[in-house]
Amino acid sequence: MVGYFIFALVIIIPFLALLSYFLKKKGYSKNSLFFAGIAYIASGLPLLFSWFLIFGLILIAFGGLLIFLSRYRLALAWQIFIILTLPIASLALWFHSESSRNIFLIPENYRGRVLIVHGCKDGSPREFEGRYRIYRIPANGILKSKFDFAGSSFDHLHSRFFYVKQDTGERLPILEQSDDGKTDDLQIQGLWSLQLQSNGETPIDFIVDKKGQDLQDYQKERFDEFQKAMDDCSTQ
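Numbered by my numbering, the letters in the sequence shown go through residues 4 to 239 in order.
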């Protein structure tokens, strides 16, 4: 969906707007705003019959506004600015709300619950590997980080989990829970958020263990410890 939305806004609409400019030079009376408005409406119509109805309505409404404004004689620079307002705003919002890409480095043979507490002034420094955040999980499974939680949800597709050998630093991949029937392999399970932290941030919480655990009551004796870690996180 994001790909369609960006393609429609950034490629199709500016292209048709420029096309209208050249058509106008050949005698067509409608300005760029009119043709761009038609393009917005055409891009939004298919979305009315999908789960992305709201995006379709936004495109159609903005297209109607452009057609209305096309009645006025505006300089070409202003027309281009108005046409690109929605694409630029949409891209800025998308980048701002994009979930982070994550690499979780877990001590070799660790088995238990992992909690990452975000936005801690006294947390571990921000660390990157390319576009990926690095979360180095300590031996007790609780990491306080200076990172803020990014986006509105956890990005499973772009998150990687590794055991790290203490002597060599070699990374051994850990897979997320699957339905392949295997129960002996240690897996990442129960990726969720316990609740909001006292500083308003969102923690990351998951379990490293064999398949088939009772995720709700897993290591229940440590619940107070995890809650305390979230409550004690001093804000930046």
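In this text, a Cβ means the ideal position worked out from N, Cα and C, and glycines have one as well.
Asked, Found
"Cα-Cα separation between residue 114 and residue 166, rounded to whole angstroms", "10 Å"
"Exposure label - residue 132; buried when at least 16 CB within 10 Å", "exposed"
"Nearest-angstrom Cβ-Cβ length linking residue 129 and residue 107, presumed shorter than 8 Å", "Wrong, their Cβ atoms sit about 15 Å apart, outside the cutoff."
"Length of the line joining the Cα atoms of residue 137 and residue 236", "19 Å"
"C-beta contact flag for residue 164 and residue 205 at 7 Å", "no"
"Beta-carbon spacing of residue 148, residue 119 below 7 Å", "yes"
"Residues bridged to residue 190 (per DSSP)", "212"
"Residue 107 - containing beta strand (DSSP E), residue span", "104-110"
"Per-residue burial, residue 209 [other beta carbons within 10 Å of its own, 16 or more giving buried]", "buried"
"Candidates 176, 116 and 158, of which the one nearest residue 219 by Cα", "116"
"Between the CA atoms of residue 48 and residue 177 - distance to the nearest angstrom", "43 Å"
"Cβ distance (whole Å) where residue 154 is taken to contact residue 103 below 8 Å", "7 Å"
"Top-ranked residue by Cα proximity to residue 169, from 179, 111, 37 and 71", "111"
"Sequence-distant residues of its chain with Cβ nearer than 6 Å to residue 229 (five each side left out)", "118"
"For residue 224, three-class secondary structure by DSSP", "helix"
"Proximity below 7 Å, CB of residue 44 to CB of residue 63", "yes"
"Residues bridged to residue 179 [DSSP beta-bridge criterion]", "191"
"Bridge partners - residue 139, DSSP secondary structure assignment", "108"
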